[in-house]
Structures are given as structure tokens and as C-alpha cells.
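My numbering numbers the first residue of the sequence shown as 296 and each following residue consecutively.
All C-beta atoms, glycine included, are put in the ideal place defined by N, C-alpha and C.
For reference, the structure discussed in these notes is given below.
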Amino acid sequence: MRIPNRFGAFAFALVLALPVAGARAQNPAEFTALQGLSPVTALGNTPAGKAALAANHATTGAIQKGTARQPLLLPFPAQQQLALRDAFITRGNLDQLADGLGSKLDAAYQAVATYSSPDGGMTSRFTNVSPAVAKLITYTLATSGADADAGKYFFANATRNGTKPVSDAAKAILAGLHGVTDPFGVAYGLPAGSPGADKFGNSRPFQTVPNLLIYEGANHFGVPADNVMYLRGPMQNLVDSPSYPSGHTTYGYSGSLLLAVLVPERYEQMVVRGAEYGNNRIIIGAHYVMDVLGGRTLALHDLAHLLANAPGYVGVERKGETVADFPKLLAEARADMTRALEAGCGATVVVCAGQDEGRFADAARNAKFYAATQTYAMPVVFPKVAAAPEDVAKLAPEAGYLLTVAFPRLSLAQADAILTETEGPGGGFLDNGSAFGVYSRLDLARAARRAAAMP
296 MRIPNRFGAF AFALVLALPV AGARAQNPAE FTALQGLSPV TALGNTPAGK
346 AALAANHATT GAIQKGTARQ PLLLPFPAQQ QLALRDAFIT RGNLDQLADG
396 LGSKLDAAYQ AVATYSSPDG GMTSRFTNVS PAVAKLITYT LATSGADADA
446 GKYFFANATR NGTKPVSDAA KAILAGLHGV TDPFGVAYGL PAGSPGADKF
496 GNSRPFQTVP NLLIYEGANH FGVPADNVMY LRGPMQNLVD SPSYPSGHTT
546 YGYSGSLLLA VLVPERYEQM VVRGAEYGNN RIIIGAHYVM DVLGGRTLAL
596 HDLAHLLANA PGYVGVERKG ETVADFPKLL AEARADMTRA LEAGCGATVV
646 VCAGQDEGRF ADAARNAKFY AATQTYAMPV VFPKVAAAPE DVAKLAPEAG
696 YLLTVAFPRL SLAQADAILT ETEGPGGGFL DNGSAFGVYS RLDLARAARR
746 AAAMP
């Protein structure tokens with residue numbers, strides 16, 4: 296059903312299927328994602344990998360309990376409440392992420408991009424800014440979401456959906472690394488099918504971390520809830536939903552980056568919102584640090600390939616939509632977004648972007664928090680890679696589009712150079728020297744600051 300609203304956009308009906316969808320047959324993009332995320336399966340083979348697995352578990356538990364001393368954007372109790380609200384995904388219009396736009400633009404955005412639910416979030420309806428914005432969101436989230444879903448069962452038990460085996464080519468990924476399925480279950484003493492474990496593998500933190508911190512509050516729609524309702528049900532049951540990578544984090548970063556390139560004046564703040572969303576998945580008890588880092592890397596990788604119109608990423612039907620020219624669709628959506636935001640805030644986007652009284656108004660605090668989530672201080676697994684910056688232009692030249700689309704005065708070469716110069720620490724569990732791995736160390740917050748300062 297479509298209903299015109301006052302901006303000439305449309306309203307859409309949606310019934311959200313909250314449980315994680317089963318993986319489908321791998322297409323080329325999904326296969327690339329499996330290859331890129333697969334180093335996690337071989338961590339148990341080396342002392343460095345085992346140290347990373349141990350740190351993953353310990354750091355996850357500390358963050359969930361609030362003892363990690365993170366430089367959060369809110370006091371820990373308030374951050375817990377936001378994590379509870381973030382458990383519901385506003386995948387139709389990204390409205391939960393729009394606070395990264397700043398208080399003035401957020402109000403203008405949510406005036407046209409709304410969510411409502413008659414039953415506290417079990418089913419919902421939403422409106423959108425325009426058909427172009429709706430199509431952009433749908434296609435982007437379907438692309439990265441399919442890749443995340445493909446990984447969940449593959450890394451749990453080498454299947455597509457829990458029971459159907461993956462192809463021989465996919466199995467060869469594991470064989471080539473001497474990797475194992477269910478790496479978290481094996482490492483944390485809760486292998487697949489054991490009492491209390493995920494029956495498929497890669498049990499989540501609420502199943503493996505001792506003394507999960509349970510807390511109460513309200514969900515996205517203001518209905519009383521607690522975090523267990525979004526872990527064991529009834530709002531969302533993740534007991535048999537493999538942990539790695541984090542689908543919520545993939546959504547959070549993909550959506551935040553979309554809003555960043557649609558409203559470049561708030562690029563850095565939107566990137567920070569993506570980091571916060573991923574961190575909230577740890578606070579609620581649903582994901583490990585490695586799940587979040589995997590979801591972030593996947594989101595950046597996939598959006599860069601969409602912006603590059605890479606084969607296998609565009610021209611594929613996803614959720615009933617086909618996009619042949621992603622940058623063209625983005626330009627149409629940005630024009631619609633600008634008109635809607637300026638009509639709602641009563642001034643130019645540039646002026647309204649500076650009117651922020653929310654938690655993203657402090658640039659220094661944003662930078663400190665984002666830096667803390669870049670690696671979560673996880674141990675180095677690949678020391679040779681960590682020894683020097685990786686040349687983005689050689690390894691993953693399409694990554695530069697993450698900047699050029701927002702800062703068009705940059706050439707692709709300049710953007711790739713900025714990404715190289717601002718890279719975070721290397722050698723993490725995904726950063727094995729591959730083209731995919733370099734996305735795990737991109738620091739888009741620092742890169743955006745550098746890009747914005749370019750003459």
C-alpha cells in the first residue's frame with residue numbers, strides 16, 4: 296500500500312520478520328564475503344589467534360557488564376537503554392539512526408520517515424522520504440544483509456541455512472585455511488548441540504559469558520521490555536541463530552553510511568552512530584567484539600562495491616528491486632533528501648547540520664569513542680601486516696568511493712590516499728593482507744575529517 300505524504304513521498308506497510316533469515320545459495324558477492332570473513336575459522340591454529348579469541352570473550356563480557364571503561368557517548372545506564380531500543384531494526388527507513396544527523400535534521404527527517412507499531416514491535420509500518428530513498432535503502436541493506444546471513448550458517452556448520460551443505464567451492468575456503476566451523480563454540484567450551492548451546496554453532500555471548508547482566512527498560516516503541524526478550528524471546532529469539540558476523544551491526548553501519556553520503560555535512564557523526572550501534576549489540580548481550588568488527592568490515596566493503604557499480608553487486612534483483620547504476624540512484628535520493636530536510640528544518644542543510652544539541656555535538660568525545668571501537672584493543676594476529684600501512688589504492692581502490700561520493704572535489708586517487716594515511720592499527724583477525732581485510736582497518740571518522748579539510 297502506498298499513501299502520498301506532504302512531501303510527495305510514500306508510506307509503506309511492512310511486517311518485520313524478526314528472526315535472522317536463513318542463508319540462500321551463494322552468489323559471487325556472498326562468496327567474496329565468506330572468503331573475507333573466514334580468517335576467524337583458523338584462529339585456533341596459532342598462539343596469536345588463540346589470544347585473540349580469549350580477548351574477544353573477555354572484552355565482550357566486560358563491555359556487556361559496563362566494566363570495560365569505554366568512553367561512551369552516554370552514561371552506561373542510558374547507553375543500555377539505547378541498546379535496548381536499537382534491538383529493533385528500522386530497516387525500512389533508518390529512522391533510529393537519524394539522530395546522527397543532529398537534533399535539528401533528525402527532527403526534520405523523522406517528520407517524514409516514521410515507524411509505528413500496534414503491538415510493540417511484532418509488526419510495524421513505516422513511511423519514507425521518497426521512492427528513490429526507499430529503493431536505495433532496500434537495495435543496500437539487502438546486499439549487505441544477504442552477505443551477513445550467508446556467513447552465519449557457513450561459519451557455524453558449513454551450511455546455507457543450518458541443514459543444506461554449502462558448495463564444494465565454499466568448503467574449499469575452510470580447507471585452504473585449515474579452518475574449523477563453530478570457532479566460538481569450540482573456543483568457549485560450548486560446542487554446537489551441547490546443553491545451552493546454539494544447535495548450529497557459534498553460540499552467542501548470552502550463552503557463553505558467565506553472569507549475563509540483565510536489565511529492563513523500554514523498546515523502540517516505548518513498550519516495557521528487557522534485554523532477555525531480545526535474546527531468548529519473545530521479541531527476538533537468538534538461541535539458535537549463529538553469532539558471526541553481526542547482522543544488526545552490518546545493518547547499522549550500512550544504514551549509517553548511507554545517511555552519511557546522503558547528508559555529507561554530518562558524515563563523521565553518522566559514522567560514529569554506526570560504531571555506537573554496533574557497540575550496543577555487545578551491551579545488550581547479543582554479540583561478541585569480533586562479530587561487530589566483522590559486520591563493520593562487511594558493510595564498508597559492500598557499500599564501496601555498490602558505489603563502484605561492481606559486477607555482482609549491481610544489476611542483481613534484491614527484495615524485488617534491481618539497481619543498474621547505484622551512484623545515479625544515490626544522486627536522486629540525495630536530491631529528495633535535501634528537499635525534505637530543508638523543508639522540515641526551515642533552512643539549508645548546511646545551516647541545520649550545525650544545530651545539534653544531542654550526544655554527537657561534542658567532536659572530541661565522538662573521536663575518542665570511535666577510536667576505542669576501531670579494534671577494541673584486540674591482539675594482533677598478523678604481525679607482518681601490522682608492521683606498515685596498507686596501500687588502499689593497490690589493495691582495494693574502490694574504497695575511495697566511500698569518500699568521493701560525499702566529498703566530490705576529491706579524486707579517487709586522493710580519497711584512497713586519505714584512507715591509507717588515516718588507517719587504524721593493522722594485523723587484526725581479519726586484516727591478513729587481503730583486499731577485504733584492509734576494510735577492517737579503515738578509519739572513516741579520521742578520513743572524513745581529513746577530506747572535509749581538503750581545499
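- Between the C-alpha atoms of ARG654 and LYS663 there is a straight-line separation of about 13 Å.
- Pairing GLN359 with LEU557 gives a Cβ-Cβ distance that is not under 8 Å.
- At least 8 Å separates the beta-carbon of PHE449 from that of ASN497.
- Each residue's CA atom was taken as its position, placing PHE421 and SER412 some 9 Å apart.
- Taking 8 Å as the cut-off, the beta carbon of GLY607 is found closer than this to the beta carbon of ASN322.
- Out of GLU627, VAL523, PHE621, the CA that lies nearest to the CA of ALA427 is found in GLU627.
- The beta-carbon distance between ASP442 and GLU325, rounded to whole angstroms, is 5 Å. This is short enough to meet the 8 Å contact definition.
- HIS543 and ILE384 have their C-alpha atoms some 7 Å from each other.
- Distance from the CA of ARG499 to the CA of THR592, rounded to the nearest whole angstrom, comes to 19 Å.
- Closest in C-alpha terms to GLY474, from the list LEU705, ALA682, LEU338, comes LEU338.
- Annotation: the continuous alpha helix (DSSP H) that includes GLU716 extends over 707–716.
- Here ASP463 is exposed: its Cβ has fewer than 16 other Cβ atoms, across all protein chains shown, within 10 Å.
- Per the coordinates, the alpha-carbon of VAL424 lies some 39 Å from the alpha-carbon of ALA672.
- In this chain, the alpha helix (DSSP H) harbouring ARG576 covers 562–578.
- The beta carbon of VAL675 is closer than 6 Å to those of ALA681, GLY722 in its chain, skipping five residues each way along the sequence.
- With respect to the C-alpha of LEU624, the residue from ASP657, LEU552, LYS430, THR699 having the closest C-alpha is LYS430.
- In the DSSP assignment, SER419 falls within the unbroken beta strand (DSSP E) covering 419–422.
- Between the alpha carbons of MET632 and ASN452 lies a gap of roughly 42 Å.
- By DSSP's assignment, TYR410 forms a beta bridge with PHE421.
- Counted as a single uninterrupted DSSP element, the stretch harbouring GLU511 is not any alpha helix (DSSP H) but the beta strand (DSSP E) occupying residues 511–513.
- Within the same chain, and ignoring the five residues on either side of ASP381 in sequence, the residues whose Cβ sits closer than 7 Å to its Cβ are GLN391, TYR572, ASN575.
- Ranked by Cα distance from THR503, the options GLY387, PRO334, ASP493, TYR562 are led by ASP493.
- In the DSSP assignment, PRO678 falls outside any beta strand (DSSP E) and within the unbroken alpha helix (DSSP H) covering 678–681.
- For ASP726, the three-state secondary structure derived from DSSP is coil.
- One Cα belongs to LEU739, the other to ALA659, and the distance between them is close to 15 Å.
- Residue environment for ILE509: exposed (fewer than 16 other C-beta atoms within 10 angstroms of its C-beta).
- ASN351 and TYR583 do touch by the CB rule: their CB atoms are close to 5 Å apart, below 8 Å.
- Around the Cβ of GLU612, a 10 Å sphere holds fewer than 16 other Cβ atoms; the residue is exposed.
- Counting C-beta pairs with one atom in each stretch, the stretch 691–698 and the stretch 590–604 have three or more that are closer than 8 Å, which means they touch.
- In the three-state DSSP reduction, ASN456 falls in the coil class, being neither helix nor strand.
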